[in-house]
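Each protein sequence line maps, in turn, to chains R and E. Its first residue numbered 1, the first sequence is counted upward by one per residue in full-length UniProt numbering. Its first residue numbered 1, the second sequence is counted upward by one per residue in full-length UniProt numbering. Down below is the structure, laid out as structure tokens.
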Amino acid sequence: MSDVIVVGAGMVGAACAYYAARAGLDVTVVDRGPVAGGTTGAGEGNVLVSDKEPGPELELALLSNRLWHSLAEAGDFEFEPKGGLVVAETEEVQRALVGLAGKQGVEHAVVAASELRDLEPHLAEGLAGGVLYPQDAQVQPMLAAARLLELGARSYGHGALRLRLGVTVTGFVRSGDRVTGVRTSQGDILGGAVVNASGTWGGEVAALAGVHLPILPRRGFILVTEPLPPMIRHKVYTAAYVTNVASDSAGLETSAVVESTQAGTVLIGASRERVGFDRTTSVPVLARLAAQAVALFPALRDVRAIRSYHGFRPYCPDHLPVIGPDPRAPGLYHACGHEGAGIGLAPATGHLMAQLLTGAAPDLDPQPFRPDRFPEEPQ
Amino acid sequence: MSGFRHDLVVVGGGPAGVAGALTAALAGLRVALVDSSARLGGQYFRHSRAAQDAPGGAPELDGFLRRGRALAERADLLLGHRVWHVSREDGGLAVHCVTPDEQPLTVRGARLLIATGAHDRVVPFPGWDLPGVLTAGGAQALLKGSGVLAGRRAVVAGTGPFLLPVAAGLAGAGADVLAVYEAARGLGLARHPVLALGKAGEAAGYALALARHRVPYLTRRAVVAAHGDGALEAVTVARIDAGWNVVDTRVVECDTLAVGHGFVPQIELGVELGCGTRADADGSPVLVVDAAQRTTVPGVWAAGEPTGVGGWRLAEVEGRVAGHAVAAEHRASTRASTRASTGAPAVSGGGHGAPRALLARRRGMRAFAEALQRAYPVAPGWQGWLRDDTLVCRCEEVPVSRVREAQRLGATDARSIKLLARPGMGWCQGRICGYAVSCLAGEEPRPPKRPIAQPITLGALARSTDEPTTPNTPDE
Numbered sequence: 001m002s003d004v005i006v007v008g009a010g011m012v013g014a015a016c017a018y019y020a021a022r023a024g025l026d027v028t029v030v031d032r033g034p035v036a037g038g039t040t041g042a043g044e045g046n047v048l049v050s051d052k053e054p055g056p057e058l059e060l061a062l063l064s065n066r067l068w069h070s071l072a073e074a075g076d077f078e079f080e081p082k083g084g085l086v087v088a089e090t091e092e093v094q095r096a097l098v099g100l101a102g103k104q105g106v107e108h109a110v111v112a113a114s115e116l117r118d119l120e121p122h123l124a125e126g127l128a129g130g131v132l133y134p135q136d137a138q139v140q141p142m143l144a145a146a147r148l149l150e151l152g153a154r155s156y157g158h159g160a161l162r163l164r165l166g167v168t169v170t171g172f173v174r175s176g177d178r179v180t181g182v183r184t185s186q187g188d189i190l191g192g193a194v195v196n197a198s199g200t201w202g203g204e205v206a207a208l209a210g211v212h213l214p215i216l217p218r219r220g221f222i223l224v225t226e227p228l229p230p231m232i233r234h235k236v237y238t239a240a241y242v243t244n245v246a247s248d249s250a251g252l253e254t255s256a257v258v259e260s261t262q263a264g265t266v267l268i269g270a271s272r273e274r275v276g277f278d279r280t281t282s283v284p285v286l287a288r289l290a291a292q293a294v295a296l297f298p299a300l301r302d303v304r305a306i307r308s309y310h311g312f313r314p315y316c317p318d319h320l321p322v323i324g325p326d327p328r329a330p331g332l333y334h335a336c337g338h339e340g341a342g343i344g345l346a347p348a349t350g351h352l353m354a355q356l357l358t359g360a361a362p363d364l365d366p367q368p369f370r371p372d373r374f375p376e377e378p379q
Numbered sequence: 001m002s003g004f005r006h007d008l009v010v011v012g013g014g015p016a017g018v019a020g021a022l023t024a025a026l027a028g029l030r031v032a033l034v035d036s037s038a039r040l041g042g043q044y045f046r047h048s049r050a051a052q053d054a055p056g057g058a059p060e061l062d063g064f065l066r067r068g069r070a071l072a073e074r075a076d077l078l079l080g081h082r083v084w085h086v087s088r089e090d091g092g093l094a095v096h097c098v099t100p101d102e103q104p105l106t107v108r109g110a111r112l113l114i115a116t117g118a119h120d121r122v123v124p125f126p127g128w129d130l131p132g133v134l135t136a137g138g139a140q141a142l143l144k145g146s147g148v149l150a151g152r153r154a155v156v157a158g159t160g161p162f163l164l165p166v167a168a169g170l171a172g173a174g175a176d177v178l179a180v181y182e183a184a185r186g187l188g189l190a191r192h193p194v195l196a197l198g199k200a201g202e203a204a205g206y207a208l209a210l211a212r213h214r215v216p217y218l219t220r221r222a223v224v225a226a227h228g229d230g231a232l233e234a235v236t237v238a239r240i241d242a243g244w245n246v247v248d249t250r251v252v253e254c255d256t257l258a259v260g261h262g263f264v265p266q267i268e269l270g271v272e273l274g275c276g277t278r279a280d281a282d283g284s285p286v287l288v289v290d291a292a293q294r295t296t297v298p299g300v301w302a303a304g305e306p307t308g309v310g311g312w313r314l315a316e317v318e319g320r321v322a323g324h325a326v327a328a329e330h331r332a333s334t335r336a337s338t339r340a341s342t343g344a345p346a347v348s349g350g351g352h353g354a355p356r357a358l359l360a361r362r363r364g365m366r367a368f369a370e371a372l373q374r375a376y377p378v379a380p381g382w383q384g385w386l387r388d389d390t391l392v393c394r395c396e397e398v399p400v401s402r403v404r405e406a407q408r409l410g411a412t413d414a415r416s417i418k419l420l421a422r423p424g425m426g427w428c429q430g431r432i433c434g435y436a437v438s439c440l441a442g443e444e445p446r447p448p449k450r451p452i453a454q455p456i457t458l459g460a461l462a463r464s465t466d467e468p469t470t471p472n473t474p475d476e
């Protein structure tokens with residue numbers, strides 16, 4: 001029997017398992033699919049501090065940023081602390097960006113319009129300026145999740161971290177009120193605690209325990225270009241990205257997020273829309289992403305897109321993740337609902353979860369992330 | 001009358017697409033046909049401009065070119081147009097293309113016929129990425145295009161009846177074909193009752209050609225490695241058992257190797273529209289069609305290799321069946337809308353519309369195609385030919401060792417192997433490596449997901465939802 005069962009082998013589940021194993025707990029990770037088969041494998045690998053308003057999520061992001069740097073030293077995966085450059089189309093937007101940067105208290109540098117091309121030679125003319133965030137980074141999230149699980153299994157003794165893939169959780173084992181394990185497609189797995197790290201499907205897993213988590217899918221498309229010689233140095237995005245991230249709209253919102261990867265491809269995001277788990281490719285969305293990228297980097301006009309993919313961010317109504325014990329189901333913990341920031345926030349989430357599981361004093365106040373903060377679903 | 005410019009849009013200008021388009025156009029439908037090549041023909045009837053301008057060559061090609069000319073008089077031919085996506089739109093289908101000058105163009109129609117053919121199925125082995133190593137289809141394309149293979153020392157290997165025309169073509173073009181190494185037991189063709197009946201004539205023709213050029217045809221043999229410093233210089237030929245495990249080997253010097261292991265149907269447009277798929281006799285995912293070549297999605301038909309690999313003759317018959325069925329449904333829906341406006345009850349457009357003799361021919365040819373697939377399977381022993389550094393994916397330069405590493409890290413299927421190790425993420429979108437990765441993952445190949453079926457510049461993509469420019473309608 002494990003001390004902890006983690007449901008979900010995505011980035012957040014991997015981080016929870018790694019930090020729990022590091023804290024001396026025996027961990028079993030179960031996933032109905034492979035490692036990183038859900039939203040982890042459908043994003044860009046953002047590790048951002050730049051796009052967050054001051055508050056608990058930014059605190060979590062800053063802690064996570066520090067942890068990512070130390071994980072990158074131990075793990076064998078791509079981690080690029082390339083920095084993020086937010087650009088403004090107008091003077092007014094530039095003033096708003098500078099104002100936000102001042103409030104965040106995050107390491108940054110204001111970039112004048114005349115200096116933009118020193119940072120990004122291919123940027124369009126006529127932009128009003130920007131803000132550079134050196135701490136923003138990019139990680140290859142699938143490999144990072146897999147390597148972190150491997151590192152946890154290798155580093156903390158035999159049996160510290162077990163991986164059970166292709167195992168679907170179908171319910172919970174209870175002892176009285178208390179959650180003491182999971183029922184799965186391959187029999188019951190017992191454990192001292194269960195961590196729901198099921199990302200966009202976190203609400204469904206919570207429902208199996210009879211508790212409500214209002215996690216909804218928020219779809220995003222990404223365009224991938226043919227491999228190019230290095231062309232874009234930072235993660236470059238427009239100010240609209242910040243407002244879209246924080247928006248509650250169910251309708252389509254797009255903003256340009258453009259960056260090169262180590263494979264030479266350029267990734268182009270980002271779109272947000274709440275359309276359930278609709279997997280139909282939308283030509284209008286792809287067209288908008290392309291248009292916005294070309295507006296930002298005119299040299300991309302003649303570059304070919306060779307594929308696109310989409311994923312479903314785990315959206316919570318207040319845009320904060322759900323992290324911590326669920327008082328409605330003792331023994332059940334949640335670590336999900338990170339929307340588009342799950343990769344960036346994963347290490348801090350795992351670290352915090354390990355502290356909560358072992359009764360250590362948490363580095364951050366977990367109150368803003370508590371699972372029972374939402375109104376109960378109307379009957 | 002539908003509100004679309006075209007009653008039928010056909011994607012693919014090979015035997016199936018041309019037959020479907022011509023049949024529907026002759027029945028009075030307004031038809032558009034889109035193909036990425038500059039000329040009709042597809043893989044099988046690929047031909048040079050000279051052949052088009054001066055008929056009088058092979059009778060099969062002449063027949064095809066005649067039908068192509070008839071089609072050009074009755075339908076919109078959008079040649080050199082690459083289809084990058086298809087979508088449902090306002091009760092019809094939208095075929096999103098890129099024109100030869102990289103402009104976006106959306107062709108809209110009430111119905112769609114998917115006739116997108118197939119590409120080579122690639123089985124990797126050490127050295128398969130050396131210059132001088134060609135797929136069988138690639139060699140055939142070279143022969144039909146420029147024919148620059150004269151004087152080469154060539155080996156043909158792999159499995160399946162397609163090796164015969166490739167070897168005969170190479171020999172005919174002046175290459176010194178050292179041998180054909182067929183991995184199967186070989187006598188399958190003659191011993192199988194259906195096979196013996198079906199293609200005996202054609203196979204005998206190739207056999208005669210090979211005999212004339214003194215090309216030995218050896219079975220239970222395979223090329224298990226290619227060698228060379230920068231270009232092909234020699235191959236290792238193995239005797240193999242039924243599971244394709246190596247019994248013994250020898251080295252043969254050559255500078256050209258054509259390898260064929262059958263074909264993978266191109267079904268991504270159907271997959272993108274949500275068409276149902278099934279595993280064919282050889283495990284390839286193909287589109288499910290009914291007796292009228294209808295897919296499971298209303299308004300979408302498929303013919304030729306996307307419904308199961310069976311060669312150009314079957315493809316052409318299926319195209320004609322689809323053309324008849326589309327025309328029948330078009331007539332039914334036109335009548336229904338007339339009735340609806342006069343308050344009469346609607347009828348379902350269920351009729352096949354195709355002559356019985358055509359349906360019977362299709363039945364026989366399909367049985368033959370399925371028997372061929374069973375007679376020339378790819379056996380799993382090829383995985384034993386691989387070395388750690390053998391490339392699986394050429395586009396992303398992923399060796400076998402990285403695939404194995406991904407599996408060790410928790411990639412339990414082909415998709416997660418792709419996510420962790422990148423095979424299939426490059427230019428060809430897994431068309432080349434997809435089969436091998438599925439095999440290494442221990443699963444049947446799954447329907448390919450390629451929302452962007454062909455590369456498109458970001459500039460063209462950005463303008464692809466602008467007010468569409470649709471080509472001229474046919475005169476009628």
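Note that the Cβ used here is the ideal one computed from N, Cα and C, for glycine as well.
| Check | Outcome |
| --- | --- |
| Using a Cβ-Cβ cut-off of 8 Å, state whether proline 347 of chain R counts as contacting chain E. | no |
| When the Cβ atoms of the stretch 252-261 of chain E are set against those of the stretch 231-243 of chain E, are three or more pairs found closer than 8 Å? | yes |
| Measuring CB to CB, does arginine 162 of chain R end up less than 8 Å from glutamate 339 of chain R? | no |
| What's the C-alpha gap between leucine 372 of chain E and aspartate 280 of chain E? | 12 Å |
| Assuming proline 314 of chain R contacts glycine 199 of chain R under a Cβ cut-off of 8 Å, what Cβ separation, rounded to an integer in Å, is found between them? | 5 Å |
| Apart from the five residues just before and just after leucine 345 of chain R, which ones in its own chain have a Cβ nearer than 7 Å to its Cβ? | Leu60, Ala61, Ser64, Pro321 and His338 |
| Tell me whether the stretch 20-27 of chain E and the stretch 345-365 of chain R touch, counting them as touching only if at least three CB pairs, one residue from each stretch, are closer than 8 Å. | no |
| Around the C-beta of residue 555 of chain E, are 16 or more other C-beta atoms found within 10 angstroms, so that it is buried, or is it exposed? | Nothing about residue 555 of chain E can be reported from this structure: the residues present for chain E run from 1 to 476 only. |
| Please state whether DSSP places threonine 39 of chain R in a helix, a strand or coil. | helix |
| Near proline 345 of chain E, what residues of its chain come up, given a Cβ to Cβ distance below 6 Å and the 5 sequence neighbours on each side ignored? | Residue confidence is low: proline 345 of chain E scores 45 on pLDDT, short of 50, so the model does not pin down where it sits. No coordinate-derived value is stated. |
| Unbroken beta strand (DSSP E) runs of length 3 or more, entirely within the stretch 53-80 of chain E: which are they? | 76-79 |
| Does valine 347 of chain E get closer than 8 Å to chain R when you measure Cβ to Cβ? | Interpretation of valine 347 of chain E is limited by its pLDDT of 42, a score under 50 that renders its predicted location unreliable; the figure taken from the coordinates is listed afterwards. Output row for valine 347 of chain E: interface = no. |
| To the nearest angstrom, how far is it from the Cα of leucine 216 of chain R to the Cα of proline 375 of chain R? | 15 Å |
| Run through chain E and tell me which residues come within less than 9 Å of glutamate 226 of chain R, C-beta to C-beta. | Gly426, Trp427 and Pro455 |
| Do you know how far the Cα of tyrosine 435 of chain E is from the Cα of alanine 154 of chain E? | 25 Å |
| Which of the three DSSP states is assigned to glutamine 367 of chain R in this structure? | helix |
| Let's see if you can read the secondary structure: which residues bound the beta strand (DSSP E) around phenylalanine 221 of chain R? | 216-225 |
| Would you identify the three-state DSSP class for leucine 232 of chain E, choosing helix, strand or coil? | coil |
| List, in chain order, every chain R residue whose beta-carbon is nearer than 9 Å to that of residue 511 of chain E. | An answer regarding residue 511 of chain E cannot be provided, because it is not within the stretch 1 to 476 covered by chain E. |
| Given that a residue counts as buried once 16 or more other Cβ atoms are within 10 Å of its Cβ, and exposed if not, what is valine 148 of chain E? | exposed |
| Distance check for alanine 414 of chain E and arginine 178 of chain R, CA to CA, integer angstroms please. | 38 Å |
| Does glutamate 60 of chain E pass the burial test, meaning 16 or more other C-beta atoms within 10 Å, or should it be called exposed? | exposed |
| Consult DSSP for tyrosine 315 of chain R and reduce its assignment to one of helix, strand or coil. | strand |
| What number of angstroms, rounded off, separates the C-alpha of alanine 357 of chain E from the C-alpha of arginine 320 of chain E? | 12 Å |
| If I measure Cβ to Cβ from alanine 103 of chain E and keep anything under 7 Å in the same chain, skipping five residues before and after, which residues do I get? | In the sequence as displayed, the identity of residue 103 of chain E is glutamine instead of alanine. Closer than 7 Å at the Cβ level, and outside the excluded window around glutamine 103 of chain E, lie Ala460. |
| Straight-line CA distance for glutamate 89 of chain R to valine 34 of chain E? | 41 Å |
| At 8 Å on the CB atoms, spell out the chain E contacts of isoleucine 323 of chain R, in chain order. | Correct list: empty, because the minimum Cβ distance to chain E is about 24 Å. |
| Which residues of chain E have a Cβ atom closer than 8 Å to the Cβ of glycine 166 of chain R, listed in chain order? | Thr412 |
| If we define contact as Cβ-Cβ less than 8 Å, is valine 258 of chain R a contact residue for chain E? | no |
| Run through DSSP, which three-state label would serine 416 of chain E get? | helix |
| Cutting at 7 Å between CB atoms, please list the residues of its own chain near glutamate 443 of chain E, excluding the five before and the five after it. | Asp413 and Ala414 |
| Is any beta-carbon of chain E found at less than 8 Å from that of isoleucine 306 of chain R? | yes |
| Within 10 angstroms of its Cβ, does valine 306 of chain E collect 16 or more other Cβ (buried), or is it exposed? | Looking at the sequence itself, residue 306 of chain E is proline, so the reference to valine does not match. Looking at its Cβ environment, which holds 16 or more other Cβ atoms inside 10 Å, proline 306 of chain E is buried. |
| Classify glutamate 120 of chain R as buried or exposed, calling it buried when 16 or more other Cβ atoms lie within 10 Å of its own Cβ. | buried |
| So, are the CB atoms of glycine 117 of chain E and glycine 304 of chain E less than 8 Å apart? | yes |
| Residues of chain R with CB under 9 Å from histidine 96 of chain E, in chain order? | Val283 |
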